[in-house]
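To keep things clear, I will list the structure first and then write my remarks on it.
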Amino acid sequence: MAFTSTTSAASLLLERDARRIARHAAAAERAGWLHPAQRALLHRRGWLRMLAPRALGGAEMALPDVVRLEEALARVDGSMGWTVTLCAGAGWFAGFLPPALARRVLATPRVCLAGSGAPTGIAEREGDGWRIDGHWDYASGAPMATHFTFNAILREGGRPLPDDAGQPRVQAFVVPAALVEVQPNWNTIGLRATASHGYRVRDRWIGAGHGFEIDPARAREQGPLYRFPFLAFAFVTLAANVAGMGAHFLELAGECIGRRRHRFGVPGEMLAAVPAVRAALELASAGLATARARLYAALDAAWARVLVDGHVDAATADGLQALSMDWVSAARRAVDSLTPYCGLQAMRADSEINRVWRDFHTASQHALLAPLS
């Protein structure tokens with residue numbers, strides 16, 4: 001069975017699919033949720049199953065291909081890219097679930113897993129299971145989720161169960177959407193069509209088999225995709241989204257700047273002809289391209305090694321995280337350096353460039369992407 005990365009970004013996202021996504025992006029933002037045509041497309045293409053085990057009906061795509069596809073989606077529409085990334089990422093957890101549960105979850109028609117990594121719930125031991133109570137924020141794709149994942153602090157007799165370090169033990173769980181109350185509280189300036197609402201599980205009992213650990217050493221599936229450390233996986237997929245949105249902004253900024261005149265220069269001089277502006281455009285593009293190339297070179301090399309060795313060492317994982325942050329930083333510098341040249345058109349709430357700018361600045365606020373990470 002081949003898990004090598006052999007496809008180009010262009011073949012991963014067909015031009016007609018990109019056009020369909022883009023056509024409905026503005027309407028999706030106004031509605032606060034992906035357009036029905038966008039949702040139909042992501043299910044038809046199987047993007048939410050692309051990280052799920054092949055043996056259970058998923059695509060189990062090579063990680064470098066997944067990251068390139070997610071970047072391409074985010075470059076077309078940030079909300080679409082982000083929703084696919086977060087929901088497909090939760091689908092990756094199927095490789096760590098008890099096999100019977102994983103089969104049931106992935107057999108669900110139009111399956112979609114949404115969730116949160118924050119440990120803001122409690123799991124109280126009760127019999128051969130857990131009684132769950134808690135609230136979690138930011139479940140991208142919540143309106144179409146068939147299942148939700150979350151982290152909860154384990155307790156017994158009202159006291160936290162300690163982990164090996166003596167800290168409260170946290171475990172991941174997955175439950176069907178029927179046990180969850182979605183709380184529509186997503187109200188940000190960008191990524192509005194991700195509908196990343198909060199959700200609550202209120203005093204519900206679940207069997208112990210709904211818990212799982214995201215650890216390559218405890219993966220239930222043997223493919224190389226499930227040998228990748230979670231943090232490295234999360235960093236590269238999130239960075240690809242932010243960088244994709246950043247690249248989209250650069251494209252639109254170039255068009256916007258290209259239409260503007262230099263008000264205080266030679267009469268009739270175009271703003272893009274001013275040496276300082278031209279240099280800013282070139283620097284932004286080059287910086288983003290360089291960071292992108294470095295990340296993909298490292299990711300492709302790491303994937304080649306995991307195909308052979310079956311694991312990713314700590315130094316490689318740390319390197320991927322650092323290069324992901326370099327890519328995000330390059331995107332931040334590029335967007336922020338060009339925004340002042342774009343004029344009020346870029347601040348019109350109903351303009352495409354403004355939507356992309358808002359999506360970018362919302363996505364880049366993800367907790368993992370803080371500059372101190």
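Position 185 of the sequence shown, counted from 1, bears residue number 185 in full-length UniProt numbering, the numbering being contiguous throughout.
The C-beta atom is built at its ideal place from N, Cα and C for all residues, glycine as well.
Keep in mind it's a predicted model, so treat the numbers as computed, not measured.
Worksheet item: Do the region 296-305 and the region 197-208 make contact, defined as three or more Cβ pairs closer than 8 Å?
Response: Three or more Cβ pairs closer than 8 Å define a contact, and the region 296-305 falls short of that threshold against the region 197-208.
Fill in: Separation of R278 from I353, as counted between CA atoms
One C-alpha to the other measures close to 19 Å.
Practice prompt. Please look up how many angstroms separate the CB atoms of A193 and P143, rounded, as I've assumed it's under 8 Å.
Written response: Not really, about 11 Å apart at Cβ, beyond 8 Å.
Practice prompt. Look up D133 in the DSSP assignment and say whether it is helix, strand or coil.
Written response: In the three-state DSSP reduction, D133 falls in the strand class (E or B).
Item to complete: On the DSSP bridge assignment, give the partners of R261 in chain order.
Response: Bridge partners of R261: M270.
Worksheet item: To which residues of the same chain is I214 closer than 7 Å at the C-beta, ignoring the five residues directly before and after it?
Response: Within the same chain, I214 has close Cβ partners F93, F96, A172 and F230.
Practice prompt. Could you name the residues of the same chain whose beta carbon sits closer than 8 Å to that of V274, not counting the 5 residues immediately before and after it, in chain order?
Written response: Non-local beta-carbon contacts of V274 in its own chain, meaning distances under 8 Å to residues more than five positions away in sequence, involve H262 and G265 in chain order.
Discussion item. Among the candidates I132, Q321 and L63, whose CA atom is the shortest distance from the CA of L372?
Written reply: Residue nearest to L372 within the set I132, Q321 and L63 is Q321 (criterion: CA-CA distance).
Worksheet entry | Span separating the alpha-carbon of L106 from that of A114 | Their Cα atoms are separated by approximately 13 Å.
Worksheet item: Do D359 and M245 have their C-beta atoms within less than 8 Å of each other?
Response: Yes.
Fill in: Paired residues, beta bridge with V182 - DSSP
In the DSSP assignment, the residues bridged to V182 are Y199.
Item to complete: Just the C-alpha distance for G198 and A118, rounded to the nearest angstrom, thanks.
Response: Spanning the two alpha carbons is a distance of roughly 12 Å.
Discussion item. Mapping the DSSP letters down to three states, classify V97 as helix, strand or coil.
Written reply: Sequence inspection shows Leu at residue 97; the Val mentioned does not correspond to that position. L97 falls in the coil class under three-state DSSP.
Practice prompt. Could you tell me whether the region 322-342 touches the region 234-254, using the rule of 3 or more Cβ pairs below 8 Å?
Written response: The region 322-342, when compared against the region 234-254, does touch it at the 8 Å Cβ threshold.
Practice prompt. Given a cut-off of 8 Å, decide if V312 and V67 are closer than it, judged by their beta-carbon atoms.
Written response: Going by C-beta atoms, V67 is not nearer than 8 Å to V312.
Worksheet item: Taking the alpha carbon of residue 444 as the point to measure from, which residue in M61, L42, G310 and A152 has its own alpha carbon closest?
Response: What is shown of the chain runs 1 to 373, which leaves residue 444 out entirely.
Worksheet item: Buried or exposed: where does M61 fall if 16 or more other Cβ atoms within 10 Å of its Cβ makes it buried?
Response: Burial of M61 is indicated by the presence of at least 16 other C-beta atoms within 10 angstroms of its C-beta.
Worksheet item: What does DSSP give as the partner residues of A123 in its beta bridges?
Response: According to DSSP, which records beta bridges pairwise, A123 is partnered with I132 and L154.
Practice prompt. For Y138, collect the residues of the same chain with a Cβ closer than 6 Å to its Cβ; drop the 5 residues on either side in sequence, then sort them by chain order.
Written response: So the qualifying residues of the chain are S116 and S196.
Discussion item. Tell me the DSSP secondary structure of W327 in three-state form.
Written reply: If DSSP states are grouped into helix, strand and coil, W327 belongs with the helices.
Worksheet item: Thinking C-beta only, is A284 closer than 8 Å to L341?
Response: Per the sequence shown, the amino acid found at residue 341 is Tyr instead of Leu. The answer is no: Cβ separation not under 8 Å.
Worksheet item: Among G134, R75, A346 and G58, which has the Cα closest to the Cα of A102?
Response: Closest option to A102, Cα to Cα, is G58.
Practice prompt. Would you grab the beta carbon distance between G121 and V201 for me? Rounded to a whole angstrom, and I think it's under 8 Å.
Written response: About 7 Å separates the beta carbon of G121 from that of V201, a gap short enough to meet the 8 Å contact definition.
Worksheet item: Less than 8 Å separating the beta-carbons of L369 and L238?
Response: Yes, these two residues count as a Cβ contact at 8 Å.
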